[in-house]
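Below you'll find the structure, written out as structure tokens, and then a few comments.
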Amino acid sequence: MFNAWIQIFKRDLLIAFRRRSEIVHPLIFFVMVISLFPLAIGDDKVLLQKIAPAIIWVTALLATMLSLDNLFRSDFEDGSLEQMTLLKTPLSMLVTAKITAHWVITGLPLILITPLLAVLLYMPSESISMLLLTLLLGTPTLSLIGAVGIALTVGLRQGGVILSLLILPLYIPVLIFATLALQNVEQGFSAEAQLAMMLAILVLAITLSPFAIAAALKVSLN
Amino acid sequence: MEKQYLFSANLDVKNLACWRNEQVLFADLNLSLSPKNVLFLQGENGSGKTSLLRILCGFRLPDEGEITWGDKPTSSLPEYFQNISYVGHKNGIKDELTVEENLNLMRSMATASDIKTESVLKQIGLFKRADVLARQLSAGQKRKLALARLMMTENSFWVLDEPFTSLDKATVGFFESLIKQHITRGGMLILTSHHEIDLSGLSVKHLNLSSQNYV
Numbered sequence: 102m103f104n105a106w107i108q109i110f111k112r113d114l115l116i117a118f119r120r121r122s123e124i125v126h127p128l129i130f131f132v133m134v135i136s137l138f139p140l141a142i143g144d145d146k147v148l149l150q151k152i153a154p155a156i157i158w159v160t161a162l163l164a165t166m167l168s169l170d171n172l173f174r175s176d177f178e179d180g181s182l183e184q185m186t187l188l189k190t191p192l193s194m195l196v197t198a199k200i201t202a203h204w205v206i207t208g209l210p211l212i213l214i215t216p217l218l219a220v221l222l223y224m225p226s227e228s229i230s231m232l233l234l235t236l237l238l239g240t241p242t243l244s245l246i247g248a249v250g251i252a253l254t255v256g257l258r259q260g261g262v263i264l265s266l267l268i269l270p271l272y273i274p275v276l277i278f279a280t281l282a283l284q285n286v287e288q289g290f291s292a293e294a295q296l297a298m299m300l301a302i303l304v305l306a307i308t309l310s311p312f313a314i315a316a317a318l319k320v321s322l323n
Numbered sequence: 398m399e400k401q402y403l404f405s406a407n408l409d410v411k412n413l414a415c416w417r418n419e420q421v422l423f424a425d426l427n428l429s430l431s432p433k434n435v436l437f438l439q440g441e442n443g444s445g446k447t448s449l450l451r452i453l454c455g456f457r458l459p460d461e462g463e464i465t466w467g468d469k470p471t472s473s474l475p476e477y478f479q480n481i482s483y484v485g486h487k488n489g490i491k492d493e494l495t496v497e498e499n500l501n502l503m504r505s506m507a508t509a510s511d512i513k514t515e516s517v518l519k520q521i522g523l524f525k526r527a528d529v530l531a532r533q534l535s536a537g538q539k540r541k542l543a544l545a546r547l548m549m550t551e552n553s554f555w556v557l558d559e560p561f562t563s564l565d566k567a568t569v570g571f572f573e574s575l576i577k578q579h580i581t582r583g584g585m586l587i588l589t590s591h592h593e594i595d596l597s598g599l600s601v602k603h604l605n606l607s608s609q610n611y612v
């Protein structure tokens, strides 16, 4: 059972490595959008510092949505998904392998590059570590929730608009808790409550979304 | 004597119906298939052959009726689905993986057969192209690779949808002999094909979906 999990995980990493342009695209989007803000706002250090967490989080959220589009599409189109439903390992397990691989490929580089971009927006160093922590807790949740929407719309020709309507509202709690945590740290308060909430949402997403994703994929295949 | 399949049972379909876009593709369809038997589905385009195969594989839910495997409904029998080798219109191979990586992936996902990857590559004539990305193969070569799935696992129920499109004669001959071997080992097969297929010596049932007219 774990063998199949590892095989799918390795397979997806290998495929991503051989189709590098698709991985780099969301990352470039993330870097470009964030670096446009200082240019547009000008050298207003106080303002930039104030809105930096919001800029980074909203952009990370959009970049995640952008990157998710390919999650199941190629497997759906080349028939691999059909084959996956016939395996011993339940589909709900296999999708977690796919999502983990996807997060390693797109979510992790995004987090790694964030400190650089935070400096660009004059974020103080104590806020940067909190920013990284919220991204570490938040982006896997975004991937898991987004995957449910992707799984539902993968069979549709133009699922893009429906997809945003479907998953953006579900992203809002994560966004609120993350930015609230950052505000608290800036004002010298503890952010434990917000982090605990984010962790709770993550645990909930890990336990429930694989079943929703597997069911949605089966509906899309029908 | 060839090694026999361990997992095998009768497949029975009762009163199966399938609608598509508010049109009846087929209804009250009954069929049964036992080990060592072949079911050859025929019918014109759009008569529901692919839909029937997809229902049997569980990709699609039947609109009416029941499918049983050894007298148990398949909906509560995951072993039934794990025992299916399906090759449909889509090849189910990854373009970004090499031929060999694709084969090894097929094997590692299910109850693997004893046959070595190298020997499969030789038999389907892709040994020299083992390290080539599947993307660079011709349509016929891709189809061969998709059909090689049948050799990689110990599944006793094969479901093939137009398996021989774009294959050359020699390859068709090879897969025909593979089918014969599969049946003598106690396997079952359902297939559709517009090609002439030599299944002489096997017990073949024919079912023509377009001869049943529903309005």
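Sequence order for the protein chains is P and Y.
Count the first sequence with our numbering and you get residues 102 to 323, in order.
Count the second sequence with our numbering and you get residues 398 to 612, in order.
Cβ atoms here follow ideal geometry from the backbone N, Cα and C, with glycine treated the same way.
DSSP-derived helix/strand/coil call for residue i
i, result
"K189/P", "coil"
"L356/Y", "As shown, chain Y starts at 398 and ends at 612. That puts residue 356/Y outside it, with no answer to give."
"Q520/Y", "helix"
"N427/Y", "strand"
"N171/P", "coil"
"K487/Y", "coil"
"D460/Y", "coil"
"Y611/Y", "Caution applies to Y611/Y, whose pLDDT of 49 falls short of 50 and renders its modelled position unreliable; the value that the coordinates give is listed next. Residue state, collapsed to three classes: coil."
"Q420/Y", "strand"
"A155/P", "helix"
"A252/P", "helix"
"V147/P", "helix"
"T495/Y", "strand"
"L413/Y", "strand"
"K602/Y", "strand"
Contact under 8 Å by Cβ, residue i with residue j
i, j, result
"T280/P", "W158/P", "yes"
"I246/P", "L271/P", "yes"
"R546/Y", "L564/Y", "no"
"G208/P", "T235/P", "no"
"M506/Y", "A105/P", "yes"
"K411/Y", "N427/Y", "yes"
"I200/P", "A248/P", "yes"
"L232/P", "M224/P", "yes"
"H64/P", "S175/P", "It is not possible to answer for residue 64/P, since the shown part of chain P is limited to 102 through 323."
"G440/Y", "S590/Y", "no"
"N480/Y", "F554/Y", "yes"
"L542/Y", "L557/Y", "no"
"F456/Y", "T186/P", "yes"
"V320/P", "S228/P", "no"
"S405/Y", "P432/Y", "yes"
"A531/Y", "I580/Y", "no"
Beta carbon proximity, residue i to chain P, threshold 8 Å
i, result
"Y402/Y", "no"
"L413/Y", "no"
"I521/Y", "no"
"E493/Y", "yes"
"I587/Y", "no"
"L450/Y", "no"
"Q479/Y", "yes"
"L458/Y", "yes"
"L502/Y", "yes"
"M506/Y", "yes"
"N488/Y", "yes"
"G598/Y", "no"
"G467/Y", "no"
"G455/Y", "yes"
"G485/Y", "yes"
"S405/Y", "no"
Beta-ladder partner(s) of residue i, from DSSP
i, result
"P340/Y", "Because chain Y is modelled from 398 through 612, residue 340/Y falls outside the range shown and cannot be assessed."
"I481/Y", "F554/Y"
"I587/Y", "L436/Y and V556/Y"
"A509/Y", "T550/Y"
Below-8 Å beta-carbon distance, residue i vs any chain Y residue
i, result
"A105/P", "yes"
"E183/P", "yes"
"R121/P", "no"
"T254/P", "no"
"T186/P", "yes"
"I116/P", "yes"
"N323/P", "yes"
"R112/P", "yes"
"Q295/P", "no"
"H180/P", "A small correction: the amino acid at residue 180/P is Gly; His does not occupy that position in the sequence shown. Taking Cβ atoms only, chain Y reaches closer than 8 Å to G180/P, which makes this a yes."
"Q108/P", "yes"
"K146/P", "no"
"K151/P", "no"
What residues in the stretch 196-217 of chain P have a beta carbon less than 7 Å from any beta carbon of chain Y?
-> none
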